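In what follows, a single structure is set out as structure tokens and then discussed.
Residue numbers (the numbering used here): 149 to 454.
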């Protein structure tokens, strides 16, 4: 169980003899911790149960949901964990299939495709979220983009360079946060890398440090346990990001989701694929990344889990 506070997150773990007793203990502990921390600002909590090891998936809940019945909460945790397991298997199959291919990326996407999909987002913002359209951030110049690429240490896919030439609506167009313009991306990336280096140093855990070093050498799309030098943050907030993975390999340029506790998973084989799914979600109301449902509140897009 992870309790998300306003300034930090706290982790609580336990072991029970059966899955049923584990769920009972989990929910009882969550309510006790919440009551004990009422003076603090607790935004939410993440709950999960697993057999023999830490759970691969934790369901995020607002603290107000702790008033629901145990049966309802358990069903939600179980169903979302099963859905996440299916997604995990799907993206692993995708990596295996891409690794067997001879092309440089799993689905090479022409830059013009990204521009077309991005224009759908811009048009949606102008029509449905006028506040966002009024405060758009201009795209970067070719010289600025050329100067930025070497600072990340690895080659960029062509569509990432084009992405930073595009105008960015200043709104939370993704569930994780707004898209970053070039200069903001560079600053956030440097901060995340430095913070993770310092965190791993203070942990003095050689095994974790070796795991991170190994992640840097793995092909694009592979799991990572810290914010890697090869990650270019596209959008996000508070340590949770969508990132372009610039590590070499068949999935070079894929988009992964990186969470602040050090979990990452490949979601889309290209930036254009991510933007296309995002545009479809905003246009039709269909869930984005399987769980996020869009709405508009006071002229700005908002997201909630289904």
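Where a beta carbon is used, it is the ideal one built from N, C-alpha and C, also for glycine.
Note that the coordinates shown come from a computational prediction; the quantities given were computed from them, not determined experimentally.
Going by beta carbons, residue 341 and residue 328 fall outside the 8 angstroms limit. Per DSSP, residue 405 is one residue of the beta strand (DSSP E) stretching across 402-407.
Counting C-beta pairs closer than 8 angstroms gives three or more between the region 307-320 and the region 413-427, which meets the contact rule. Taking every protein chain shown into account, the CB of residue 176 has fewer than 16 other CB atoms within 10 angstroms, so this residue is exposed.
In this chain, residue 373 is not harboured by any beta strand (DSSP E), its DSSP state being neither H nor E. For residue 382, the uninterrupted beta strand (DSSP E) run begins and ends at 379-385, by DSSP.
Around the beta carbon of residue 398, 16 or more other beta carbons lie within 10 angstroms, which makes this residue buried. For residue 313, the three-state secondary structure derived from DSSP is coil.
When DSSP states are grouped into helix, strand and coil, residue 348 belongs to the helix group. When DSSP states are grouped into helix, strand and coil, residue 418 belongs to the coil group. For residue 303, no pairing in a beta bridge is given by DSSP.
Here DSSP, grouped into helix, strand and coil, assigns residue 325 to strand. Straight-line measurement puts the Cα of residue 224 at about 10 angstroms from the Cα of residue 218.
The three-state reading of DSSP puts residue 261 in helix, counting H, G and I together. The residue from 262, 195, 220 and 210 with its alpha-carbon nearest to that of residue 229 is 195. Residue 408 is positioned such that its CB atom lies closer than 8 angstroms to that of residue 388.
Counting only runs of at least 4 residues, the region 161-187 fully encloses the following alpha helix (DSSP H) elements, listed from N- to C-terminal order: 167-184. Ranked by how close their Cα comes to the Cα of residue 326, the residues 273, 378, 297 and 348 have 273 in first place.
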